[in-house]
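Below is one structure, written out as C-alpha cells; the observations come after it.
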Amino acid sequence: INDGDGVFAFESTLVSDNGDLVRVGDLDKDGDLDFIVGDESFDSENSIYLNDGTGSFSLMEDSPLDGVIAETHDIDIADFNGDTYLDFIVYNNLSDNYLYLNNKDGTFTGSVVISDETTTASQQLVVGDFDNDGDLDLQGYIYFYLNDGLGNFTTDDRQTLSSIDMESVETGDFDGDGDEDLLVFDSANDEIYIYANDGTGYFDQSLNAVYSFDGDVSVTSADVGDYNGDGVLDFHIPASADAFIALNTTDVQFVEATWAPTYYVVSIFDANNDGYQDLWQVGGGTNSRVLLMNQGDGSYTEVEIAETEGMSGIVYKAEAVDVNGDGYLDIVEAVYQGANNLYLNDGADNFTFVADAFSDETNHTVYMRTGDIDNDGDYDVMFLNSGFEEAETYFERWENDGTGNFNKTFGASPLAGTTVNTYSFDLGDVDGDGNIDFVIPLGEGDENPMYVYFGAGDGTFDGATIDGSYESMHDATLGDYDNDGDLDIFGDGQFFVNDGTGQFIVSINYSSIGLGPAESLDIDNDGDLDIIFITEAGEGTRNSILRNQGNWSFVEEQGMFSAEDPTLTIVYGDYDSDGDMDFFIKNAEYFEASKTSFFYRDC
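Under the numbering used here, the first residue of the sequence shown carries the number 11, and numbering increases by one thereafter.
Quick look at the structure:
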C-alpha cells in the first residue's frame, strides 16, 4: 500500500488459494479499483474481489462466477454495451465463453457469447473496434465476432482464420489507414502475418508472411509500438527462439532490427562518437565478434571484427573505456576458460585485438571493473577469477601506463591471506577523499564477509570489514540509492547505508531473491537508482528488478523475466536513443553460453 510519499507497505488483506491471472477495473463504479482472479485449473472457480475504498478487499457475495468451473485462459474487462459500466468476458478452455453484463446495481448477468460449438480451447480473444462502428468486437481462435452495440455478438460469416494455427494475436494500425489490423503468429508454419483491415472489419489474408522463424518456436505475445519514431507501428517479439524487433516501413514491409541469434551483446557504447549507442556482440561457440553501428534511425550497419585464431572461453563481462587516451572507447573483456582480451578502437569502425594484453594464460574470470586506481589519469583494470584458494591468486590488478599497455605491478595484494569465492565486486570513492576504493564479499565462511578496501591513490589499499553482514555473501554493487551524495552498497539482497565517510550500516534485507551480480540504473527516469538483480543460482530461479520508491523502499518485480535459466551477463544503455535505459540479458546453461538471450526495451 502506497502511503503517498512513494513508500510501500505490504498488507495481506486478500486470501486466494488459486489464481493464474488478474484483471483490474471499477466493477461497481464506486470510484475505486476492484479485480477479478482467473484460474486455469480444471477444479477451481474464478473470483471477484471488491474494494471498499480503503484498499481492503472482500470476496463478492452471490458472484456470477460462483460454482462455474471453466479452466479460464483469459479475462477482459470493458464496456461492451455502451452504458458506461464495465462488463467482462471470460475465455475458457473446452467450454463456452461468457459475457457478463453489468446490471448497474452491483450484479452481473451472464450469457454465452461464444459457444464451444464454434471454437475449441480458447487461448486468447482480442478486443477491438474492427468495423469502426463505435463498439468493441472480438477476434478469437479462427472466428470474428461483431458487436451490435448492445453487447450482442454475431459471427462474421465473411471470414475465418482457419488456414493457420493461431497461437497469439495483437492489434494495431500497421498500415496507417485509421483502423485496427491484426498481427498473427501461425505456430504450424512458424510465421508471422499482418492482416490488413479494410475498415469494415474484413481482413485481407492474402499478404505474405512478414517474418519466418528458422525452427520450431513459441510466441505467446508481441509488443506493438513506434520503436524508431517514424510514425508507423513496429513490433517486438519475445519468442522462445530468435528475439527481435521488426521495423515497419510505410507500406507494411518489416525489416529486422536486432542481433543475429547466435550472438549475444556484452557491451552497449558509442563506438564512433556520433551520439548513438552501438552494440558489441560475441558469437556463441565461434568466439567471433560483430559490432552493430547504430545509424540513429532504428537501423544498424554490421561491422565484422577480425577473428583471432585459437581464441576460446565465454565472455562474462566487458567494459568500454578509453584505455589509450585517443578519445575513443576501447573494449576490455573478462573471459571464463580463456585469456582476458583487449580491443583498441581507432574511431573508424576498426577494432584491433591486442595479443597477450593481460597475459596468454587461461583464466576463470567471472567479473571485472575499470577505474583510475593509482590516480595517474588513465583506466586500470581489476579482474576477479573464480576459485577457493587464496584471494591474491584470483584477484588480479593491472596498471595502465597511459597508452593501453598493462602491467601486473601493483605490489602485494590487499586480499593477501584471505580466501575468495564470489561473483562480483565494485570500484568507487566510498569515503569522499577522491581516491578509488573497492568493496568485495569474500564468500563462504567468514563472519564479516563484506569488505571495504580504502584506496590511498597510489594503487595500495587498507581493508576493513562491515559489521552486521551475513555469511556467504557473493556480490557487491555500489550506488547512491538514497540520493544523499555518497555511495551505498547492495550485495546479495542486502543494503549497506554509507554515512558519507565510508562507514556502513545495514539497512534493508532482500536476501530471499537469490544470488548473482546486480547493476544499478534509473529504469523509470524518476531520479533515483533502481537495481536489476540477475541470478546465477541455477535453473528455476528468476531475475528481479528492485524499483526504488525513495526512503529506502523498494518494490520487487519479476514478471518480465523467464524463470528457466541462470543468467550469464547483463548490459544496459539507451539502445534506441529515446532517453531511457534498455538492457540485454544473456542466459546460460551452467557454463555454456547456449541459452536464449533477451533484449528488454524500455517503452
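Ideal placement from N, C-alpha and C gives every residue a C-beta, glycine not left out. If you're wondering where the values come from, they're calculated on a predicted model, not measured in any experiment.
A residue is called buried when at least 16 other Cβ atoms come within 10 angstroms of its Cβ; E371 does not meet this threshold and is exposed. Around the CB of I204, 16 or more other CB atoms lie within 10 Å, so the residue is classed as buried.
In the DSSP assignment, Y353 falls within the unbroken beta strand (DSSP E) covering N351 to N355. Excluding residues up to 5 positions away in sequence, D30, E81, T82 and H83 lie with their Cβ nearer than 7 Å to the Cβ of E50 in the same chain.
Comparing C-alpha distances from F245 to each of L193, D214, L289 and Y286 shows the shortest one belongs to L193.
The criterion of a C-beta distance shorter than 9 Å is not satisfied by E343 and N334. Per DSSP, the beta bridge partners of F163 are N157. Residue state for N417 is assigned as strand, using DSSP reduced to three classes. Separation of Y338 and W290 (C-alpha to C-alpha, rounded to the nearest whole angstrom) is 14 Å.
In the DSSP assignment, V300 falls within the unbroken beta strand (DSSP E) covering R299 to N304. If you draw a straight line from the Cα of V137 to the Cα of V179, it comes to about 10 Å. Sixteen is the threshold: since fewer than 16 other Cβ atoms of the shown chains lie within 10 Å of the Cβ of V32, the residue is exposed.
Distance from the Cα of G438 is smallest, within the candidate group G560, A486, I476 and G412, for A486. When C-alpha distances from A328 are compared across D208, E314, V313 and Y346, the shortest belongs to Y346. From the listed residues D532, G537, I383 and P451, the smallest Cα separation to F505 is found for P451.
V333 carries a coil assignment under DSSP once its states are collapsed to helix, strand and coil. Per DSSP, reduced to three states, the secondary structure at Y95 is coil, with no helix or strand assignment.
Sequence-distant partners of D468 (beyond 5 residues in either direction) whose C-beta falls short of 6 Å from its own C-beta, in its chain, are D384. The residue among S554, D538, I544 and D143 with its C-alpha nearest the C-alpha of G560 is D538. Separation of D532 and N157 (C-alpha to C-alpha, rounded to the nearest whole angstrom) is 44 Å.
In this structure, L37 places its C-beta atom within 9 Å of the C-beta atom of F98.
Per DSSP, reduced to three states, the secondary structure at S54 is coil, with no helix or strand assignment. Between V440 and G489, the gap from beta carbon to beta carbon reaches 9 Å or more. Note on D53: under 16 other CB atoms within 10 angstroms of its CB, so exposed under the neighbour-count rule. Rounded to whole angstroms, I542 and F448 show a C-alpha spacing of 20 Å.
About 24 Å separates the beta carbon of Y101 from that of K114, a gap too long to meet the 8 Å contact definition.
One alpha carbon belongs to N282, the other to A358, and they sit about 7 Å apart.
The C-alpha of V376 lies about 54 Å from the C-alpha of D76. Excluding five sequence positions before and after F361, the CB atoms of its chain that fall closer than 6 Å to its own CB belong to I315, Y353 and N355, given in chain order. Distance from the CA of N508 to the CA of I499, rounded to the nearest whole angstrom, comes to 8 Å. Distance check between D336 and each of V123, V364, S68 and G414 places G414 closest, using alpha-carbon atoms only. Scanning its chain for C-beta atoms nearer than 7 Å, with the 5 sequence neighbours on each side dropped, one finds around F435 the residues Y377, R379, L394, F448, V449, I450 and A486, in chain order. Between the alpha carbons of D443 and E409 lies a distance of about 21 Å. Out of D386, E406 and D382, the CA that lies nearest to the CA of S369 is found in E406.
The three-state reading of DSSP puts Y205 in strand, counting E and B together.
Residue state for T432 is assigned as coil, using DSSP reduced to three classes.
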